[in-house]
Each structure stands twice: as structure tokens, then as C-alpha cells.
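Residue numbers (the numbering used here), protein chains in the order written: chain Y, 980 to 1253; chain U, 980 to 1253. Note that beta-carbon positions come from the ideal geometry of N, C-alpha and C, so glycine has one too. Working notes, beginning with the structure itself.
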């Protein structure tokens, strides 16, 4: 099979642009999945991707070939082989996995059947793709259904966010450029804002019924407007001398306090103060 | 003041090496703090750093100068000014803050007074500096005291880990290259291993008394040896279709379940199954 080694090859140029440019990803509706694990999840939920880009040494490894046979069966996607050093240049990570898939962003209709919003997440100007991906991953694990992103959030479908979310995208309804205030007003349950200044404590409120958590920017936190739009404002008790959490860590704590209360509902009703 | 613009300047070479090389940081006992926020925390706990490296435009900004006056008072550290494009080259981040401090890693004796180990953390081969930093940050917020890292963990004192931990380092006793098995055996309380295969659930066990949580590598999880070294093995209930959490998210959930139970001890005793 021919091996692409030139940075000037049209496909390579396109891949680099997809890697780097959020507007280009939005315009084309395309993105890149990095690593066989993400690609495998895509296959099981949305089917095989159309194009794989594989490094020369990845393709030469018989273990990898065997694994690809298992995942893709007798009708594999189109495979393009790229020289190792060029592959490193197009890969978003320092130690590339050796395999990328070029995919169309799934439309919301393609996602799992419509689900009730028992746990939803509203994100205001989250900047870091790693944080955003980690929030999506925790949300999916906690069985959240809908994720709403304000304007100026990191791109939910960037390769970095996708990698950090480990497949969570394919189980969630993700709405970018949302009007969070309107969504909070229409949410059929309790909207909970998280902010370090709040006087109520996460562990003291009841999270029974549909719940939407609101998280703000890594530096600035939630805007005053969104704090007002919420029904309840909570902080997470922090007994330590440092009093701040990474937003993805805070989100995980909130989501799994909801999971805990839902599973041990007798407890949540005894401590509910809502 | 003179502005350094050459990559060949001995200080610049040293800063790049400190940024990139963990062995060099270990040999010299030095590291870099990125951003005024981290530097400010260092000042309040351990005193002023000796050397600041500031970008030309950062130094030209009167707001920044004013802020530096507030933090450092009339006896500021030595300031070296570096041209903007060179500063970008030595900075570990894409959008540099414009200020770095060259510091000595504090010795364990310099840390806050000795504390009982009520909440400790054992980390086996955690690879990602962002994850490691986030775990340290959550641990400090949850009032953990001791952190033990196995061999082959990411460097706890790398600029990336420091940035993700947001000052947590200065409140924790951090032991690198630890023999985790021995530490688990000698720990004066319950040692809890977290693994996805465990049948017990975090939310069903009592976390009363001194507790040490054990977390494993991002990909491989904990080794069989460390799972055996623990008193209890737990998983975090995940009702969603994806069943995995980022290790830093899992750690945050565990630490704050301990915080919750300690604060609402009547609850923890009613559901304790330990």
C-alpha cells in the first residue's frame, strides 16, 4: 500500500486543519477520533467510520492488524497509511496512538433514543478541552442525558475533548451555543448552580427528581446572571486549607452525589432541605 | 532594564531544561511556578521566590506591576525580563501568563506542621501530569495530609503538575518513589483500593477513621499486588452506559464521600458495612 509522507498532500492538509481549527470542524461537520478505543466505541454505537488514517509502524504491527480485523470484520473502512514522522505531526498528542478516524459529527437524531432529562448539565464558558471532556465522561457515567454548552465554551467535538471524554459523546445529547438562561427556565426540575460563595452545601440538599447542574468558567466561575437563573446555589464543603476544586472534579462530585442519593433515596429524604 | 531575547542565554537554557526534564529537576531540586496565582500561594506559605522571569509585555503592564507590588512589597525578588516570543518558547502553556518563578522544591520539613494521617492517598503509576495535579488539588481541598507516589508516576513537581494542582503542593506531604505496599501495610487505618471490577460500592462502606485511598494507572488500573495490599476494594456505582471515570474524577468522588461521611457521621454509621 502507498505511504503518504508529504505534508503537502491534500488529505494531510485537511487533517491538520481538522486537528487545529474549530471553525473548520464546524463548517465541515467533520472531526477526528484518536486511538482504537474511541474508534471501537464509535463502531458499536454509530457504525464504522469511513476513513482510517494509520501510521506506517502501526500498520506493520500484526497485533494491531489482528485487532482491526476483530473490530472492522471483513469489510474494513478505507485505510490511508502515513509515514511515522508525518503521523506525529498530524496527531494531537505527544505519543500518538498510530490510528485516527475521520468521522462526521453525529446529528442529535442519530443518538440513543430520546430520554427524559433526569440529570442534565449546563456549562458556561468552560475553556479547557480536557476539563470539558472529563465532565462529559463523568456525566455519561452518571447517566446524564443532555449537555448544554454556552457560547465560547471549548469545542465539544475537538479531538482533544473527544479523547478526554472517552466515548461519552456517543451517549449524550450535546447542544452547543445554547441559551443557558432559557434552558434553565424551561428545565422540568431543579436547576442547581455551583459556586464557591454559596452558603448551601451540596451534601445538605435533596437531589431527588430531575436535576440540572450549572458549572462556570475555570477562572471566573458562573456569571451572576446564571447564578440568578438557578433555583438553588450550592458549594461543596472543603475542609482543607485550599478551597478550590478543578471544575471537572467538582462536576464529578455533584453528579455522583445525585447517583448516591438516587440509589439510597431514604437517605436523601432524611437530609433533604430543599 | 535589559531584556533577554536569545535562546542561547544560559538562564534561558536552564529554564527550558527545567521545563522539559524531570531528571534535571530532580538533580537540581528546582522547578518553575507558572502564573501569579501560584506564585502568590508560594509567597504566603513558603515566602518569596528568589527569581522571577517576566515577559516584556507583562512587565510593561501597569496593572501587573501594581499586583506585583502588592504581593512582593518593597523588597521584590530578582526580576529577569524576557522578550515576548522567547517567553512563549520557555513557557509550558500555549497562552503563557507572562510570569514564572524559579523555586527550590520545599523539603518535607518546611511544610505545614506534622499532621495525623486522617486522609491519605496512594498513587500507582499515574501518568498524566494534569490528572496528578487535579488529584493533589482535590486531596488538599478535602484536607488530605499525605500523598505517596509509586515509581514511574508523573513528576509531582513538574510545572504542568504544579499548575494543575493550583498550590495544593504547599499544603501536602508528598512522597515520591514510595514503596506503596509497605505504606499500605503500615497505614494506621483502612486502606481502600479503587477498581472497576470491585463488587463493593463506595457509597455502601463506612469511611470513618483514618482512610487511605489507592488509585492506579489511567489505562491499566491498580496492580493485582496493590489490590491485595488493600483492606477493602471498592468501585463507584455508574448507572450510565459508559462505565469508566477519569482517575482524577474518581479520586474527587472518593475524597468528598469521606468529607460527606465525616461531616454527617450519623449517616455513615447507619450505612457502614465495614
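The beta carbon of residue 1209 (chain U) lies closer than 8 Å to those of 1163, 1170, 1171, 1172, 1193 in the same chain, with the five residues before and after it left out.
Residue 1014 (chain U) and residue 1145 (chain U) have their C-alpha atoms roughly 10 Å apart. Residues of chain Y whose Cβ lies closer than 9 Å to the Cβ of residue 1116 (chain U) are, in chain order, 1221, 1223, 1224, 1225, 1228.
Of the residues Y:1177, Y:1077, Y:1227, Y:1059, the one whose Cα lies closest to the Cα of residue 1037 (chain Y) is Y:1077. DSSP, reduced to helix, strand and coil, places residue 987 (chain Y) outside both helices and strands of the structure shown, so it counts as coil. DSSP, read as helix, strand or coil, puts residue 1238 (chain Y) in helix. Taken atom to atom, the span from the alpha-carbon of residue 1047 (chain U) to that of residue 1189 (chain Y) is near 47 Å.
Taken through DSSP and simplified to helix, strand or coil, residue 1057 (chain Y) comes out as strand. Think of a sphere of 7 Å around the beta carbon of residue 1067 (chain Y): no beta carbon from chain U falls inside it, the nearest being about 17 Å out. Short of 7 Å from the beta carbon of residue 1121 (chain U), and not among the five residues preceding or following it, lie these beta carbons of its own chain, in chain order: 1098, 1234, 1235, 1237, 1238. Annotated three-state conformation of residue 1139 (chain Y) is helix, per DSSP. Assignment of residue 1013 (chain Y) by DSSP, reduced to helix, strand and coil, places it in the strand class.
Under the Cβ distance rule, residue 1216 (chain Y) counts among the residues neighbouring chain U, one pair being separated by less than 8 Å. Comparing C-alpha distances from residue 1187 (chain U) to each of U:1177, U:1241, U:1101 shows the shortest one belongs to U:1241. Its chain contains 1118, 1123, 1126, 1192 as the residues whose beta carbon lies nearer than 6 Å to that of residue 1100 (chain U), once the 5 sequence neighbours on both sides are disregarded; these appear in chain order.
In the DSSP assignment, residue 1033 (chain U) is bridged to U:1060, U:1078. Identification of chain U residues near residue 1004 (chain Y) by a Cβ-Cβ cut-off of 8 Å yields none; the smallest Cβ-Cβ distance measures about 18 Å. The beta-carbon of residue 1235 (chain Y) is placed less than 8 Å from the nearest beta-carbon of chain U. The three-state reading of DSSP puts residue 1179 (chain Y) in strand, counting E and B together. Out of U:1111, U:1158, U:1132, the CA that lies nearest to the CA of residue 1139 (chain U) is found in U:1111. Three or more beta-carbon pairs separated by less than 8 Å link the segment 1080-1087 of chain Y to the segment 1019-1030 of chain Y, which places the two stretches in contact. Contact of residue 1122 (chain Y) with chain U is assigned, a C-beta pair being separated by under 8 Å.
Only buried fits residue 998 (chain Y), as 16 or more other CB atoms lie within 10 angstroms of its CB. Closer than 8 Å to the CB of residue 1150 (chain Y) there is at least one CB belonging to chain U.
Listed by position along chain U, the residues whose Cβ is nearer than 7 Å to that of residue 1142 (chain Y) form an empty set, because the closest Cβ is around 11 Å away. Cβ neighbours of residue 1215 (chain Y) within its own chain (closer than 7 Å, five residues either side excluded): 1181, 1224, 1229, 1232. Taking the Cα of residue 1153 (chain U) as reference, the smallest distance to any Cα among U:1135, U:1058, U:982, U:1035 is reached at U:1135.
Excluding the 5 residues flanking it on each side, residue 994 (chain U) has same chain C-beta neighbours closer than 8 Å at 1011, 1032, 1069, 1079, 1081, in chain order. With its beta carbon at least 8 Å from every one in chain Y, residue 1205 (chain U) lies outside the interface. Annotation: residue 981 (chain U) to residue 1227 (chain U) spans about 43 Å, alpha carbon to alpha carbon. The Cβ-Cβ distance between residue 1059 (chain U) and residue 1017 (chain U) does not fall below 8 Å. Under DSSP, residue 1212 (chain Y) forms a beta bridge with Y:1172. Sixteen is the threshold: when 16 or more other Cβ atoms of the shown chains lie within 10 Å of the Cβ of residue 1143 (chain U), as they do, the residue is buried. For residue 986 (chain Y), the closest Cβ of chain U is not nearer than 8 Å. Measuring C-alpha to C-alpha distances from residue 1029 (chain Y) to each of Y:1133, Y:1045, Y:1107, Y:1054 identifies Y:1054 as the nearest.
For residue 1232 (chain U), at least one C-beta of chain Y is nearer than 8 Å to its own C-beta.
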